[in-house]
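Undergrad:
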Amino acid sequence: MTTVTSPLAGRAIALASVPDPVFSGAMVGPGTAIDPVREPSEAVSPVDGVIVSLHPHAFVVVDGSGHGVLTHLGIDTVQLNGEGFELLVSKGDTVTRGQSIVRWDPAAVEAAGKSPVCPVVALEATVDSLSELREDGEVKAGDSLFLWK
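Residue numbering for the sequence shown follows full-length UniProt numbering, starting at 1 and increasing by one per position.
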């Protein structure tokens with residue numbers, strides 16, 4: 001059982017309300033999303049594991065059970081070409097839950113015309129494999145978002 005925690009402070013929202021059909025349709029995988037606090041912050045690792053994919057706007061951490069968790073910072077933020085994002089780790093690094101991965105400013109993303117909403121997705125999972133899914137209410141970085149069997 002893997003506990004996936006919030007990479008950011010903000011408000012939990014259902015993946016279905018993410019303004020992107022790929023995420024809202026759970027095509028990438030099931031999970032939840034965070035509407036982040038609009039201030040410069042650091043996105044932290046939602047699990048202990050290894051960084052297997054790292055971009056300024058998104059990262060994937062795979063834990064010891066082989067569970068890959070995608071944190072996507074904003075919607076269509078790949079179009080910002082890394083502007084406003086600072087990587088704090090490298091691909092292949094072993095990280096611990098709560099360790100800072102990317103520094104960014106959700107308000108700047110919003111000012112650039114993009115949604116700062118951050119999907120947190122269980123890759124290659126089924127909806128049935130997740131429980132205690134958090135889809136509303138305020139969360140702090142490190143609060144539990146869901147359990148993955």
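Backbone N, C-alpha and C fix where the C-beta goes; we use that ideal spot for every residue, glycine too.
A quick note: this is a predicted structure, and the numbers were derived from the prediction, not measured.
1) Would you check if the distance between the CB atom of Ser6 and the CB atom of Leu145 is smaller than 8 Å?
2) Going by CA-CA distance only, name the one from Gly31, Leu8, Val22 that's closest to Glu132.
3) Enumerate, from N- to C-terminal direction, the unbroken beta strand (DSSP E) stretches of 3 or more residues contained entirely within the UniProt domain "PTS EIIA type-1" (20–124).
4) Taking its Cβ as the centre, do 16 or more other Cβ atoms sit within 10 Å of Pro46, making it buried, or is it exposed?
5) Please tell me whether Leu54 and Val28 are closer than 8 Å, where the distance is taken between their beta carbons.
6) Taking Cβ to Cβ, would you say Gly84 is nearer than 8 Å to Asp105?
7) Are Val50 and Leu123 closer than 8 Å when you measure CB to CB?
8) Following the continuous beta strand (DSSP E) through Arg11, name the residue where it begins and the one where it ends.
9) Might you give, ordered along the chain, the residues of its own chain that have their beta carbon closer than 8 Å to the beta carbon of Lys140, omitting 5 neighbours on each side?
10) Assign Val4 to one of three DSSP states: helix, strand, or coil.
11) Figure out for me which residue from Arg134, Gly68, Ser41, Gln79 has the closest Cα to the Cα of Leu52.
TA: Taking the coordinates as given:
1) Yes, they are a contact pair.
2) Answer by Cα proximity: Gly31.
3) The qualifying runs are 31–36, 41–44, 49–55, 58–62, 68–72, 85–87, 100–104, 118–122.
4) In summary, Pro46 is buried, with 16 or more beta-carbon neighbours lying within 10 Å of its beta-carbon over all protein chains present.
5) No, Cβ-Cβ distance for Leu54 and Val28 is not below 8 Å.
6) It is a contact, given that the beta carbons lie within the stated cut-off.
7) Going by C-beta atoms, Val50 is not nearer than 8 Å to Leu123.
8) Note, Arg11: beta strand (DSSP E), 10–14.
9) If we look at Lys140 and ignore the five residues flanking it on each side, its Cβ neighbours are Ser6, Ala9.
10) Note: Val4 maps to strand in three-state DSSP.
11) The sequence given here has Val at residue 52, not Leu. Taking only the C-alpha atoms, the option nearest Val52 is Gly68.
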